[in-house]
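Numbering (the UniProt record's numbering), first residue to last: 1 to 408. Here a beta-carbon is modelled for each residue, glycine too, at the ideal position from N, C-alpha and C.
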Amino acid sequence: MAEVVEDVIQQVQENLTEAANAATINGTIPKTPSTPEGMALAYGTLVVMAMLPIFFGSIRSVKHHREQTTAFEKTGEKPDTMTSKDAMMFPIMASCALFGLYMFFKIFSKDNINFLLTGYFFFLGVMALAHLLSPVISSLIPASIPKIPYHLSFIQGPTEGSKDETESYLIDYKFTTHDIVCFIISLVIGVWYLLQKHWIANNLLGLAFAVNGVELLHLNNIVTGCILLGGLFFYDIFWVFGTNVMVTVARSFEAPIKLVFPQDIITNGLSASNFAVLGLGDIVIPGIFIALLLRFDNSLKRKSNFYFYATFTAYFFGLLATIFVMHVFKHAQPALLYLVPACLGTPLLLALLKGDIKKLFAYEDHPEDKTKDAKKSEKSSGDESSTSAAASTKTKKETKKKDSKKVK
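Here is the structure:
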């Protein structure tokens, strides 16, 4: 019996030695095995990082919606929102983009593609982070630094010989010294990511993308949200379970489009390398729907934001279900498989029970009737002015005829 145990131990040691040698030959550094404590810390942190952009992005979306409504009342121009047609096309466009990236990584050098994508996302990330941090940093800057306003404009004049002499603004940007300080801080973080690809810098840029996405991307109504989430539900299942395209692109794509946290941070500290990953799409897509529910709650003018908090909680449990199933089956999971039923089913069921289902489906951020009324009022005012002008010319002609008859 003792000899059998010794043989098993010796065989295990040989297998481990061969695996270590193979890793050394391939030029790869084997990942540090994750401990249960490290895994719990990593996934717990990812869940918190996923919840924060949805919560704060939803609150900021309410303010952004009010600003859009005020601008619409002044100009009559309807703000850009996602329509039902856009929602139907989104999974198709996302599939084309995903498969296109997959083919690029298969045909061209991965390093060259990531070099171009890193530069592109570096610029976007710095701007997104500056937009996110601007109010925070402005409140922290001491009063000794004056808030001096600046106005950067670039005007295109009329074409020579053209009858139209109007000038158009190609650039019309107003900022202050506080915005410059905020931009410099964001630029430093962006350069840090650009040079080292450090996971903390990646998360800072990723969180900025997520908050801005939830704040600025608006679904106009619940039907549009149902179409979008329903389409991406099947999109996620197909590309994760049906093919290896999603996993291949996720592993090859080096850009701050995902949140990461090391599972071996307890043993290796900030230099850890065994990461748990959550894509930004699994945050922003449900997030814009949850933000719509917060705006719906505000339209009801009730004391509590019932539908927002209920769906926000459902998202939390959907995320936990994703992590649980992933560890049970030891396979990458399409998170939207669990998040979409949670985020769609919860508000619809609760609205049905509370008798708000008609109000829920009737709600629109920017109703079509108001837009049509604004256009009609503009048209009617134009028609009235043209009618009055025609009447005045007609009156002038009649008076001229009468005067000519008197002379005769």
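Query: Here's a check: name, in chain order, each residue in its chain whose Cβ is nearer than 6 Å to the Cβ of alanine 272, leaving out the five neighbours to either side.; Result: Pro262, Asp264, Ile265
Query: Taking contact to mean 3 or more Cβ pairs, one atom from each stretch, closer than 8 Å, check whether the segment 324-333 and the segment 296-308 are in contact.; Result: no
Query: For serine 61, tell me which candidate among His218, Asp236, Gly44, Thr70 has the shortest Cα-Cα distance.; Result: His218
Query: With which residues is glycine 279 paired in a DSSP beta bridge?; Result: Lys258
Query: Give a yes or no on whether the C-beta atoms belonging to isoleucine 145 and alanine 210 are separated by under 8 Å.; Result: no
Query: Is the segment 183-190 in contact with the segment 124-131, if contact means three or more CB pairs nearer than 8 Å?; Result: yes
Query: How is asparagine 220 classed by DSSP in three states: helix, strand or coil?; Result: coil
Query: For proline 334, name the three-state secondary structure that DSSP assigns.; Result: coil
Query: Alpha carbon to alpha carbon, how far is asparagine 220 from alanine 255? Give it in angstroms, no decimals.; Result: 30 Å
Query: Could you check if leucine 96 is buried or exposed, using at least 16 other CB atoms within 10 Å of its CB as the buried criterion?; Result: According to the sequence provided, residue 96 is cysteine. The question's leucine does not apply to it. Under this definition cysteine 96 is an exposed residue.
Query: Name the two residues that bound the continuous beta strand (DSSP E) containing phenylalanine 175.; Result: 168-176
Query: Within the 8 Å Cβ cut-off, does glycine 57 reach chain C?; Result: This model lacks chain C altogether; it includes just one protein chain.
Query: Can you list, in chain order, the residues of its chain with a C-beta nearer than 6 Å to that of alanine 351? Leave out the 5 residues immediately preceding and following it.; Result: Ile357, Leu360
Query: For alanine 321 and tryptophan 192, I'd like the C-alpha separation in whole angstroms.; Result: 34 Å
Query: Using three-state DSSP, classify histidine 151 as helix, strand or coil.; Result: strand
Query: On a Cα-Cα basis, can you pick out the residue from Leu46, Ile288, Gly281, Leu280 that is closest to isoleucine 222?; Result: Ile288
Query: If you follow the alpha helix (DSSP H) that tyrosine 102 is part of, which residue opens it and which one closes it?; Result: 84-107
Query: With a CB to CB cut of under 6 Å and the five nearest residues on each side skipped, what residues in its chain are close to proline 286?; Result: Tyr315, Leu339, Cys343
Query: I'd like the span of the alpha helix (DSSP H) that includes aspartate 111, first residue to last.; Result: 110-140
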